[in-house]
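For the sequence shown, our numbering begins at 3 and goes up steadily by one.
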Amino acid sequence: MKVSKMEVFKEVIRITLNYESDGVAHIGALARRLNTTPYYVRKRIKTLIEDGYLVKGISKGGFCELSYKPYPPLKGYCLTAKAHALELYSTLEKEEEEAFAKAFGW
Numbered sequence: 003m004k005v006s007k008m009e010v011f012k013e014v015i016r017i018t019l020n021y022e023s024d025g026v027a028h029i030g031a032l033a034r035r036l037n038t039t040p041y042y043v044r045k046r047i048k049t050l051i052e053d054g055y056l057v058k059g060i061s062k063g064g065f066c067e068l069s070y071k072p073y074p075p076l077k078g079y080c081l082t083a084k085a086h087a088l089e090l091y092s093t094l095e096k097e098e099e100e101a102f103a104k105a106f107g108w
């Protein structure tokens, strides 16, 4: 299934906002979340890089709370300062905060 550049961009923002991956979105994870193939995600990411909204990045990993084993670093793509300055980012950030507030009664 084909996806638009905006769908991929929104999903990268959502991953950045509420995941422990240090803001790094992996192509495989994006493809699964968007119900498409890595090929289509890679095409859209390429255009987002050319537009200056994404850069390659590597997460520092972490530790599993259950097994106490380290997570390997994750290679993927991160948002740039240009992407953080967009109104879309602010809107999605506000939606995430409202969802957390509703879920946890803050």
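Using N, Cα and C, we set each Cβ at its ideal position, and we do this for glycine too.
On a predicted model such as this, the values are computed, not experimentally measured, just so you know.
| query | result |
| --- | --- |
| So, helix, strand or coil for residue 81, using DSSP? | strand |
| What is the DSSP secondary structure of residue 36, counted as helix, strand or coil? | helix |
| Excluding the 5 residues flanking residue 20 on each side, which residues of the same chain have their C-beta closer than 7 Å to its C-beta? | 98 |
| Quick one: grab the DSSP three-state call for residue 30. | helix |
| Rounded C-beta distance between residue 13 and residue 50? I'm assuming under 8 Å. | Actually they are not in contact, since the Cβ atoms of residue 13 and residue 50 sit about 11 Å apart, beyond 8 Å. |
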